[in-house]
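As structure tokens, the structure follows; a few thoughts come after it.
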Amino acid sequence: MNNSRRSFDVLVVGAGPAGIAGACCAAEAGVRVGVVDNNLRAGGQIWRGETRDSHLAEAASWLRRLASSPAEILTPMEVFAQPETGRLTATSSDGLCELSYKKLILCTGARERFLPFPGWTLPNVMGAGGLQAVVKSGMDITGKKVVIAGSGPLLLAVAAHLRAHGADVRTIAEQAPWSRLIRFGMAVASHGRKISQALQLKKQLSRIAFRAGCWVTAAEGNGKVESVTLRTESKTWKEACNYLACGFHLVPNTELASLLGCELRAGFVRTDNFQESSVSGIYCAGEPTGIGGLELSIAEGQIAGFAAAGQRERAQEYFGERKSQRRFSMALECAFMLRDELRPLPSAETIVCRCEDVKFGRLKEQSSWRAAKLQTRCGMGPCQGRICGPAVEFLFGWKAESARPPIFPVAVESLAATGCVE
Amino acid sequence: MPKAFSVTVNGAQVGVTEDMTALAAILLSGTTTLRRSVSGAARGALCGMGVCFECRVTINGERHCRSCQIRCGQAMDIRTDE
């Protein structure tokens, strides 16, 4: 295995919008910047597959700015440990890489929240963002019947994207009730840009049934999903489909922040005005500080980038934009709160931990996350509880324990090389 | 234009382009079961972004590769459900 070493004034982990903005600003301020991401290319999930020539003007402009900045882009590369302060270790296809930094900006993004229900482990039941990511990566969805379910604004964006790629989107089932969605609409009415995005989406989604206060109770099929059972407060019915795209809004990726000792508050990384975490020299921007979407991520990324490069005055220029976008973030959290009816969906036989095949019935007998891990191996598989952790928190109220290295599974020889094991 | 070539999924040839992932190639071939869970159930991809590890397959003999995070390569040999 090849080992390489790189050294940066500012290292950015995560090359989604927040990371791109942070890397561009820091690099343009004149310090030596590296940006690492475990995906194939920069762009994050929202700009997955986009290029400098993208028809999405904002994606194209940021990707061009990143490419022409002096920042070094390291993809795909996955950070898994910090053997000592100021040094991270990562794996890439070329082997192990040591990344030294003076300042660090964590832009590790978010993942979808998945909740278990009977049949959710069938092939072709995917996340909403999950199915979109696979279509962006070249899968053909033409003519396929798709039900989109779960919660959050992502469902609409996914529906529009899949339809534009030829999918037959049958239904969008949003668990949040109309009353909350209307309040959300009013709260964001002051954001001109969000309104125009919403109107554009409405046009793209014409004639697709959008149901609020509606959720999936089961997925059925022989070897793969063939139908789903949908429910509202007044009725239950079945809908045939080739794919169920189901995700319940987003949860932040805070594993690396947690490993590095950054303080979390209510599950998010706590930061000061300059996006600096409780650990001096470690900044955080984007979804790990609070789910707030694209514009907030970019504003926070710019603040973190300039601040990490020592240009606090320039960072302050984005405080106003961040403040306005944070109002949207708070409205989001309130609108897409999960309804209690989602808790009793799993039966005793429903798998909750997909890595270790731990069933709901066995988890119900446990008293804590720790007991569940020890007794059932829940959360001990390769995803390290990233999928079942947020579900278990919702179902039982158990909070995941702090992260331990390696935060992603790696080969034993990589671990040995970092001194994580002896 | 991205370069076009073929890969094999469980021995069958599939035409792909270089910007596609191994997972996209697998799904294009009509295969839906990517792996067996620890108790033997069929599983497919879930998160599409390298987090859930449900899309693990064997690529060019190397097991446990996350197919959603790997780009197709010329004559790549992809095997599912092993």
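Taken in sequence, the protein lines are chains V and S. For the first sequence, counting from 1, position 299 maps to 298 in numbering that gives the first Met the number 0; every step adds exactly one. For the second sequence, counting from 1, position 37 maps to 36 in numbering that gives the first Met the number 0; every step adds exactly one. Each residue gets a CB set at the ideal place from its N, CA and C atoms; glycine is no exception.
From the beta carbon of Gly49 (chain S), is the nearest beta carbon of chain V less than 9 Å away?
yes
Measuring alpha carbon to alpha carbon, tell me which residue in S:Cys51, S:Ser28, S:Val50, S:Thr7 is nearest Gly60 (chain S).
Of the residues S:Cys51, S:Ser28, S:Val50, S:Thr7, the one whose Cα lies closest to the Cα of Gly60 (chain S) is S:Thr7.
Show which residues of chain S have a CB atom less than 8 Å away from the CB atom of Gln44 (chain V).
Met48
Spatial neighbours of Asp422 (chain V) within its chain, please: CB distance less than 7 Å, with the 5 preceding and 5 following residues excluded, ordered by chain position.
No information on residue 422 (chain V) is available, as it lies outside the stretch 0 to 421 that chain V covers here.
Mapping DSSP to helix, strand and coil, what is Gln68 (chain S)?
helix
Any residues in the region 216-245 of chain V with a beta carbon nearer than 7 Å to a beta carbon of chain S? Which ones, in chain order?
Gly222, Lys223
When you compare only the Cα positions, how much space is there between Glu332 (chain V) and Arg342 (chain V)?
19 Å
Interface residues of chain S facing Thr120 (chain V) [CB-CB closer than 7 Å]
Ala40, Arg42
Kindly provide the ranges of any alpha helix (DSSP H) runs that are 4 or more residues long and lie completely inside the region 258-311 of chain V, ordered along the chain.
292-307
Run down chain S in chain order and give the residues with a C-beta less than 9 Å from the C-beta of Ile436 (chain V).
Look at the range of chain V in this structure, 0 to 421, and you will see that residue 436 (chain V) is not part of it.
Residues of chain V with CB closer than 8 Å to the CB of Ser5 (chain S), please, in chain order.
Within 8 Å of the CB of Ser5 (chain S), no CB atom of chain V is found; the nearest one sits about 14 Å away.
How close, in whole Å, do the beta carbons of Ala426 (chain V) and Leu98 (chain V) come, if the pair is a contact with beta carbons under 8 Å?
Examination of residue 426 (chain V) is not possible in this model, given that chain V is present from 0 through 421 alone.
Can you tell me the Cβ-Cβ gap for Cys261 (chain V) and Ser279 (chain V), rounded? I've got them flagged as a contact below 8 Å.
Going by Cβ atoms, the distance from Cys261 (chain V) to Ser279 (chain V) rounds to 11 Å, so no, they are not a contact pair.
Counting only beta-carbon atoms, is Phe113 (chain V) nearer than 9 Å to chain S?
yes
Chain-ordered chain V contacts of Ser28 (chain S) [CB-CB under 9 Å]:
In chain order: nothing, as chain V lies at least about 11 Å away.
With burial defined as no fewer than 16 other Cβ atoms inside 10 Å of the residue's Cβ, what is the status of Val13 (chain S): buried or exposed?
buried
Counting C-beta neighbours from all protein chains within 10 Å, is the total for Arg403 (chain V) 16 or more, i.e. buried, or is it exposed?
exposed
Measure how close the beta-carbons of Gln383 (chain V) and Met48 (chain S) come, nearest whole angstrom, since I'm counting them as under 8 Å.
Between Met48 (chain S) and Gln383 (chain V) the Cβ distance is about 15 Å, and since that is not below 8 Å, they are no contact.
So for Leu337 (chain V), helix, strand or coil by DSSP?
Note: Leu337 (chain V) maps to coil in three-state DSSP.
Based on Cα-Cα distance, which residue from V:Gly285, V:Thr170, V:Ser226, V:Gln315 lies nearest to Arg430 (chain V)?
The structure shown has nothing for residue 430 (chain V), since chain V only spans 0 to 421.
At what residue ranges does the region 3-50 of chain V contain a whole run of the alpha helix (DSSP H), taking only runs of 4 or more?
Runs of the alpha helix (DSSP H) inside the region 3-50 of chain V: 16-27.
Got a sec? Which residues, its chain only, sit under 7 Å from Ser91 (chain V) by beta carbon, not counting five neighbours each side?
The answer, listed in chain order, is Pro75, Met76.
Does the Cβ of Thr161 (chain S) have 16 or more other Cβ atoms within 10 Å, making it buried, or fewer, making it exposed?
The requested residue 161 (chain S) is not part of the displayed model; chain S covers only 0 to 81.
Short CB-CB distance (under 9 Å) between Ala23 (chain S) and chain V:
Yes, because at least one Cβ of chain V sits closer than 9 Å to the Cβ of Ala23 (chain S).
Quick check on DSSP: helix, strand or coil for Cys213 (chain V)?
coil
Using alpha carbons as the reference points, say which of S:Val56, S:Arg70, S:Thr57, S:Asp76 lies closest to Arg423 (chain V).
A query on residue 423 (chain V) cannot be resolved here, the shown segment of chain V reaching from 0 to 421 and no further.
Check each candidate in V:Cys240, V:Val409, V:Gly222 and name the one with the smallest Cα separation from Thr228 (chain V).
V:Cys240
Skipping 5 residues on each side, what residues in its chain have a beta carbon closer than 7 Å to that of Pro176 (chain V)?
Once the five neighbours on either side are set aside, the close Cβ partners of Pro176 (chain V) are Ala211, Gly212.
Stretch pair the region 121-139 of chain V + the region 34-50 of chain S: three plus CB contacts closer than 8 Å:
yes
Counting only runs that start and end within the region 52-132 of chain V, where is the beta strand (DSSP E) found for 3 or more residues in a row?
71-73, 76-83, 86-91, 94-105, 109-111
Quick one: is Thr57 (chain S) near chain V, going by C-beta distance under 9 Å?
no
Counting only Cβ pairs nearer than 7 Å, list the residues of chain V close to Val37 (chain S).
Ordered by position in chain V, the residues that pass the 7 Å Cβ test against Val37 (chain S) are Glu355, Asp356.
What distance in whole Å lies between the Cβ atoms of Gly13 (chain V) and Asp36 (chain V), which are believed to be in contact at a cut-off of 8 Å?
6 Å
Euclidean distance between Cα positions of Glu433 (chain V) and Leu95 (chain V)
This structure cannot speak to residue 433 (chain V), because chain V is shown only from 0 to 421.
With 16 as the cutoff for other CB atoms within 10 Å, does Thr84 (chain V) come out buried or exposed?
exposed
Segments assigned alpha helix (DSSP H), at least 4 residues, entirely inside the region 349-406 of chain V
359-363, 368-375, 387-395
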